[in-house]
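In terms of the working numbering, the sequence shown opens at residue 5 and continues consecutively. Positions of the beta carbon are idealized from the N, C-alpha and C atoms, including for glycine. Structure, as structure tokens:
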Amino acid sequence: AFKAAVLIQRWYRRYVARLEMRRRCTWRIFQSIEYACEQDQIKLHNFFSYLMDHFTPSSSKERDFISRMFVSGESFKEAELEKYCDYESIEVPDSYTGPRLSFPLLPDHATALLEAFKQKQQLHARYVLNLLHETRKHLKQLPNVSHVSTCYSEEVTVCGDLHGQLDDLFLIFYKNGLPSPSKSYVFNGDFVDRGKQSLEILIILFTFLLIYPKEVHLNRGNHEDHMVNLRYGFCVGLIAMSRVHGKKILKMVQNVFCWLPLATLIDQKVLIIHGGISDTTDLDMLEKIQRNKFISVLRGKKRKESSRNVEIQEINSKSKVEADPAGNEADPGLPPQPRPTQAPSITNRLEFSRWVRQTVQEQIEWCRQLADISESEEEELTYSSVVSLTDLDEPCWTRQEQWKQILDILWSDPMPQEGCRVNTVRGGGCYFGPDVTGKILEKYNLQFLIRSHECKQEGYEFCHNRKVLTIFSASNYYEIGSNRGAYVKLGPDLVPHFVQYQANKTAHTLTMTQRISRVEESAFRALREKLFAHTSALISAFKAYDKDNTGRITLSNWAMAVESVLHLGLPWRMLRPQLVRSKADGMLEYKSWLDDLAMEQRSQEHIQSSLLEVIYRNRSNLETIFRIIDRDHSGLISFEEFHQTWKLFSSHMNIELTDDGINDLVRSIDFNKDGNIDFNEFLEAFRLVKQSQ
Numbered sequence: 005a006f007k008a009a010v011l012i013q014r015w016y017r018r019y020v021a022r023l024e025m026r027r028r029c030t031w032r033i034f035q036s037i038e039y040a041c042e043q044d045q046i047k048l049h050n051f052f053s054y055l056m057d058h059f060t061p062s063s064s065k066e067r068d069f070i071s072r073m074f075v076s077g078e079s080f081k082e083a084e085l086e087k088y089c090d091y092e093s094i095e096v097p098d099s100y101t102g103p104r105l106s107f108p109l110l111p112d113h114a115t116a117l118l119e120a121f122k123q124k125q126q127l128h129a130r131y132v133l134n135l136l137h138e139t140r141k142h143l144k145q146l147p148n149v150s151h152v153s154t155c156y157s158e159e160v161t162v163c164g165d166l167h168g169q170l171d172d173l174f175l176i177f178y179k180n181g182l183p184s185p186s187k188s189y190v191f192n193g194d195f196v197d198r199g200k201q202s203l204e205i206l207i208i209l210f211t212f213l214l215i216y217p218k219e220v221h222l223n224r225g226n227h228e229d230h231m232v233n234l235r236y237g238f239c240v241g242l243i244a245m246s247r248v249h250g251k252k253i254l255k256m257v258q259n260v261f262c263w264l265p266l267a268t269l270i271d272q273k274v275l276i277i278h279g280g281i282s283d284t285t286d287l288d289m290l291e292k293i294q295r296n297k298f299i300s301v302l303r304g305k306k307r308k309e310s311s312r313n314v315e316i317q318e319i320n321s322k323s324k325v326e327a328d329p330a331g332n333e334a335d336p337g338l339p340p341q342p343r344p345t346q347a348p349s350i351t352n353r354l355e356f357s358r359w360v361r362q363t364v365q366e367q368i369e370w371c372r373q374l375a376d377i378s379e380s381e382e383e384e385l386t387y388s389s390v391v392s393l394t395d396l397d398e399p400c401w402t403r404q405e406q407w408k409q410i411l412d413i414l415w416s417d418p419m420p421q422e423g424c425r426v427n428t429v430r431g432g433g434c435y436f437g438p439d440v441t442g443k444i445l446e447k448y449n450l451q452f453l454i455r456s457h458e459c460k461q462e463g464y465e466f467c468h469n470r471k472v473l474t475i476f477s478a479s480n481y482y483e484i485g486s487n488r489g490a491y492v493k494l495g496p497d498l499v500p501h502f503v504q505y506q507a508n509k510t511a512h513t514l515t516m517t518q519r520i521s522r523v524e525e526s527a528f529r530a531l532r533e534k535l536f537a538h539t540s541a542l543i544s545a546f547k548a549y550d551k552d553n554t555g556r557i558t559l560s561n562w563a564m565a566v567e568s569v570l571h572l573g574l575p576w577r578m579l580r581p582q583l584v585r586s587k588a589d590g591m592l593e594y595k596s597w598l599d600d601l602a603m604e605q606r607s608q609e610h611i612q613s614s615l616l617e618v619i620y621r622n623r624s625n626l627e628t629i630f631r632i633i634d635r636d637h638s639g640l641i642s643f644e645e646f647h648q649t650w651k652l653f654s655s656h657m658n659i660e661l662t663d664d665g666i667n668d669l670v671r672s673i674d675f676n677k678d679g680n681i682d683f684n685e686f687l688e689a690f691r692l693v694k695q696s697q
């Protein structure tokens, strides 16, 4: 009997260990592909930023187009934004049967919205714009760091990423109760993207924020960013939902996002931020940054100063160098350039800050007169200025310092090793170790840190000796059954209590084995697509190991070659049985293996294999480029938008092309001759060019 019990125990432990290993491998696949996609987005944006920084517009029309391409919400002054998004001019038809809002909002309005969204109803665009307008007014009054006390409520509930999954929010409210004077909530960013009901989540959260401004707190996440939204679906979904007023709603949402607070402090002891910290995180600086100036955190400064002293020397020397070296008289048609006075000592913060304010504003005014820029663009120029004009008695931080502070708290992740290093996996923020956490907690007298930003299988996870807590509230994030969602409740004792859940009913009916098998199948399908998309590079890598050109390589060499191409950091030797049919002699016929991959993908898309490979590899980037060029978010690229963007590319690539040549090019892409280019035409042109090559 004892031997039988031990045998069963061994069998069971081995079985559970294998399941756990399969789960971990699956998790690594999903996470590696997700982070690689984020890295591609940042690389693509940096490329466009480089083009913009090095492109000299030849006319005010080109300058206007380029300035609005990335920061479309930024160039609007407040009065212009309100005029553009005038909700009062929108009539609600009598046939509308959805919920109606009147301000100030009451709890009954929130209840009506919840019921309407459960019935798949939509809120009319007039009410959406009105809600965004009121939310923006409220957020502008809030500090960068919200302060919450458990003295005024029984407990504070902290929720992590929701990513457009409305069912998760419904389940949180069902289990924990709606926001009220006795029940405070902190929603820690990433409300939108990936899920299909991002706008509904925003409407519900903003409604409760206005009803209970002291009990509901919202932090900004890395997905509350216009450039990220272009790639991950929120922009497209919003425009598709409201064809008539979608562009107005999108512009208002962009502006609301940049006013969201950056962090929350509970009882001055628990810091809540979306991503994490770095060894340079400064809460004092965070509290004073003009957060609305950063509509997209992805785009930082054009150049980097090494120190404030260098800035002063550059400005002082500039006034001498920019005077005509030949002693010629200045053009009488141009306004005289202001010459800054000698900079005071940087040790005198008050005098230095006054000098900076005066010098920068004089230079901006001179540039405006020189370029004939209207007064309405003043905000954009200030946004891109070198020094943030804070209060006169405050330290003068460079824009680079402020940008890095926000980038780090929105994009960073913890790591088990000591130190702080660049987060090369995501492409933004940093990795911070337990020593960095300890220093920040000690410096600001904090007990622990709550962050989100990373999907966790159980919905939450402690690290750094339980000093960092990750909370993630979007269940079934990668696939049905992939993970639970969770939220955490903190009482006056600040001891965390967790509630986990599965919002999908199907996940409850699956056994552990079924759940892992289902998620595993989805993960390997995504990985095979990734492998197929890099067929050409894989062949080159395999041939490097196949010195005798036999068409065969060892399985060990296969694993090293695949990692050298994909750079996903996956345990390829462990994944090999799921990807490669084992051979008796331990060798792989790699051309046959790649043909099998191509057959699997061709069964879904009847396109030539080599073309399909390129489209698979570049589709996300092509979609993002299309949306960047489509600056009015109409779903179509106009001839003018294409014309101006091509001038940007041709300037970078030193290609001489006349206006007539560009017009001929755009007309050749417009296959249906309707005067616009849709995404299918854009993709088809890409396919035809690749085919001709």
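Taking only three categories from DSSP, how would you classify R425?
In the structure shown, R425 sits in a strand (DSSP, three-state: E or B).
Would you say the stretch 7 to 25 touches the stretch 208 to 227, given that touching needs at least three Cβ pairs under 8 Å?
These segments do not touch.
Buried or exposed: which applies to N427, given that a residue is buried once 16 or more other Cβ atoms fall within 10 Å of its Cβ?
Residue burial is scored here from C-beta neighbours: N427 has at least 16 other C-beta atoms within 10 angstroms and is therefore classed as buried.
Stretch pair the stretch 627 to 636 + the stretch 578 to 593: three plus CB contacts closer than 8 Å
The stretch 627 to 636 vs the stretch 578 to 593: no contact.
Opposing strand residues paired with F452 [DSSP bridges]:
F452 pairs with V274.
Flag G241 as yes when its Cβ comes closer than 7 Å to any non-hydrogen atom of the ligand ZN, and as no otherwise.
Looking at this structure, you won't find the ligand ZN or any other ligand, since it has none at all.
Distance, Cα to Cα, A507 vs D674?
So the two alpha carbons sit approximately 44 Å from each other.
If you draw a straight line from the C-alpha of E95 to the C-alpha of Y131, how long is it?
E95 and Y131 have their alpha carbons spaced roughly 10 Å apart.
Among S99, Y88, V160, which one has its Cα closest to the Cα of L133?
When C-alpha distances from L133 are compared across S99, Y88, V160, the shortest belongs to Y88.
Span separating the alpha-carbon of A545 from that of L559
Using only the alpha carbons, I get a separation of about 13 Å.
Could you tell me the distance, in whole angstroms, from the CA atom of A40 to the CA atom of D194?
Those two C-alpha atoms are separated by around 18 Å.
For the beta strand (DSSP E) that contains V162, what are its first and last residues?
Counting along the chain, the beta strand (DSSP E) containing V162 begins and ends at 159 to 163.
Can you tell me whether W415 is buried or exposed? The criterion is at least 16 other CB atoms within 10 Å of its CB, across all chains shown.
So W415 ends up on the buried side.
Return the bridge partner residues of Y491 from the DSSP annotation.
According to DSSP, Y491 bridges with C163, V503.
Can you check which of these residues, L411, A267, P420, Q13, is closest to C434 by C-alpha distance?
Nearest of L411, A267, P420, Q13 to C434, Cα basis: L411.
According to DSSP, is V240 part of a helix, a strand, or is it coil?
V240 carries a helical assignment under DSSP once its states are collapsed to helix, strand and coil.
For F436, list the residues DSSP reports as bridge partners.
Residue pairing of F436 in beta bridges, as defined by DSSP: P418, C424.
Mind checking W15: buried by the 16 CB within 10 Å criterion, or exposed?
Exposure of W15 is indicated by the presence of fewer than 16 other C-beta atoms within 10 angstroms of its C-beta.
Of all the options A267, T161, Q35, P575, which has the alpha carbon lying nearest to the alpha carbon of Q409?
The shortest C-alpha to C-alpha distance from Q409 to any of A267, T161, Q35, P575 is the one to A267.
Per-residue burial, C155 [other beta carbons within 10 Å of its own, 16 or more giving buried]
By the neighbour-count definition (other C-beta atoms within 10 Å, threshold 16), C155 is an exposed residue.
Less than 8 Å between the beta carbons of F502 and Y464, yes or no?
Less than 8 Å divides the Cβ of F502 from the Cβ of Y464.
Contact belief for M256 with L136 at Cβ below 8 Å, rounded distance in angstroms
L136 and M256 do touch by the CB rule: their CB atoms are close to 4 Å apart, below 8 Å.
At a Cβ threshold of 8 Å, is W31 touching chain D?
No chain D appears in the structure shown, which is made up of a single protein chain.
If you measure between the beta carbons of Y189 and V220, is that distance less than 8 Å?
Y189 is a Cβ neighbour of V220, given a cutoff of 8 Å.
Specify, as a first and last residue, the run of the alpha helix (DSSP H) that E567 falls within.
Under the DSSP assignment, E567 falls in the alpha helix (DSSP H) whose first and last residues are 559 to 570.
First through last residue of the beta strand (DSSP E) which encompasses V149:
Where V149 is concerned, the enclosing beta strand (DSSP E) stretches over 149 to 152.
For N684, three-class secondary structure by DSSP:
If DSSP states are grouped into helix, strand and coil, N684 belongs with the helices.
Three-state secondary structure (DSSP) at I293?
DSSP places I293 in coil when its eight states are reduced to three.
Under 8 Å, do L457 and G168 count as touching if we go by C-beta distance?
Strictly speaking, residue 457 in this sequence is His, with Leu absent from that position. Contact flag unset, no.
Apart from the five residues just before and just after S526, which ones in its own chain have a Cβ nearer than 6 Å to its Cβ?
A distance below 6 Å between beta-carbons, with the five flanking residues on each side excluded, links S526 to the following residues of its chain, in chain order: E483.
Range of the contiguous alpha helix (DSSP H) that encloses L583:
Run containing L583: 576 to 583, per the alpha helix (DSSP H) assignment.
Is DSSP giving A5 helix, strand or coil here?
Of the three classes helix, strand and coil, the one that applies to A5 here is coil, per DSSP.
Are at least three pairs of beta-carbons, each pair with one atom in the stretch 269 to 287 and one in the stretch 96 to 115, less than 8 Å apart?
Judged by pairs of C-beta atoms under 8 Å, the stretch 269 to 287 does not touch the stretch 96 to 115, as fewer than three such pairs exist.
So, are the CB atoms of P420 and N469 less than 8 Å apart?
For P420 and N469, no; Cβs fall outside 8 Å.
Rounded straight-line distance, which links the Cα of L209 to that of A478:
Near 15 Å, if we compare the C-alpha coordinates of L209 and A478.
Looking only at DSSP bridge pairs, what is S540 linked to?
Its beta-bridge partners do not exist; DSSP assigns none.
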